[in-house]
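Residue numbers (this note's numbering): 1 to 310. Even for Gly, the Cβ is constructed at its ideal location relative to N, Cα and C. Note that this is a predicted model, so its numbers are computed, not measured.
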């Protein structure tokens, strides 16, 4: 938001910072990498890099300023036994496990009680705006999310820690054990989640994945159909809903889950815990509407597909 340069910057440098951390303590490494983004954006060399990005972009329309530019960040680290998800902003990671949608992140909106409490304590306020049935909440009347990378003007209180600032880059981190019934991860920005609920999106994607094994229906088509499903046919009638930019990433965790027979949602947790054969670990990182995928030295890539609509 406020320009794409901060999203570009974080998509490039967040993996660098994460790579400097300990792979044995991913939650701490993720936490430090997120906070390091604000530090780097505040440095003169960070400003210079943003300016260079702006000059290289033919559609850049304003001077770059990380005080008033920012992006969300959603990172999923998929390892052999666990998945670790870090989120700052209103993107969302959803796991499909045996057909059931499990949220692995929380949308950071200003009206959430814990977010509102922090914003108020930092001297800010949250204003309610409405357009027909659509309601939004904005910090000081402007920003409609409560955590982000960048947006440094909201982080200038020298008496507060990064996690206490009006807008915080501190991520929520979720660690979840992997199960053989885990079918896919769906990571998407608020342009998707404003239109579809988590279970609704999982059902939509899951119903199309069996046919995606055919060359006539690749994963890209499934994701295009998902985003088309979210697009408004008439923005006036939907009060703008379905008109936001949209990015979605799908990560297949279990190729055999779509061979025609689907895992039973009633499989017990004890049965799941007894199985321990999983694919190789990977990292999926989405910063704003930009995605980065790396094997980080591991030998096997999971099937990953990213689609964006602007």
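Report the residue ranges of all beta strand (DSSP E) runs contained in full by the stretch 158-229; include only those spanning at least 3 residues, in chain order.
172-177 and 182-188
Within a Cβ cutoff of 6 Å, which residues of the same chain sit near residue 2, ignoring the five residues on either side of it in sequence?
68 and 69
Short of 7 Å in beta carbon distance, which residues of its chain neighbour residue 36, apart from the five on each side in sequence? Order them along the chain.
17
Residue of 40, 119 and 179 minimising C-alpha distance to residue 253
179
Could you please give the first and the last residue of the uninterrupted beta strand (DSSP E) stretch that includes residue 95?
92-97
Please return the same chain residues whose Cβ sits closer than 7 Å to the Cβ of residue 29, not counting the five positions on each side in sequence.
18, 21 and 22
Taking the alpha-carbon of residue 137 as reference, which of 24, 126 and 131 has the nearest alpha-carbon?
126
Distance, residue 74 Cα to residue 201 Cα
18 Å
Measuring alpha carbon to alpha carbon, tell me which of 27, 24, 56 and 32 ends up nearest residue 8.
56
Compare the beta carbon distance of residue 71 and residue 6 with 7 Å and say whether it is the shorter of the two.
yes
Can you say whether residue 338 is buried or exposed, counting buried as having 16 or more other CB atoms within 10 angstroms of its CB?
Residue 338 lies beyond the stretch modelled for the chain, which goes from 1 to 310, so this question has no answer here.
Determine the closest residue to residue 197 out of 139, 39 and 100, with distance taken between C-alpha atoms.
100
Output the distance between the C-alpha atoms of residue 89 and residue 33, rounded to the nearest integer angstrom.
15 Å
Going by DSSP, what residue range makes up the alpha helix (DSSP H) through residue 338?
Since the displayed the chain opens at 1 and closes at 310, residue 338 lies outside it and no answer follows.
How about residue 122 and residue 149: do their beta carbons lie closer than 7 Å?
no
Which residue marks the beginning of the alpha helix (DSSP H) containing residue 114, and which one marks its end?
113-121
In this structure, does DSSP put residue 236 in helix, strand or coil?
coil
Out of 11, 10 and 241, state which residue places its alpha-carbon closest to the alpha-carbon of residue 132.
241
Per-residue DSSP class, three states only, for residue 3
coil
Give the DSSP-derived three-state secondary structure of residue 74 in the structure shown.
strand
Taking all protein chains shown into account, do 16 or more other C-beta atoms lie within 10 angstroms of the C-beta of residue 49, making it buried, or fewer, making it exposed?
buried
Tell me the rounded alpha-carbon separation between residue 64 and residue 251.
33 Å
Could you compute how far the alpha carbon of residue 86 sits from the alpha carbon of residue 185?
14 Å
What is the DSSP secondary structure of residue 8, counted as helix, strand or coil?
helix
Counting only the same chain and skipping the five closest in sequence on each side, list residues whose C-beta sits under 6 Å from that of residue 141.
127
Quick check: the Cα distance between residue 147 and residue 221, rounded to an integer number of angstroms?
32 Å
In the DSSP output, which residue or residues are listed as bridge partners for residue 143?
139
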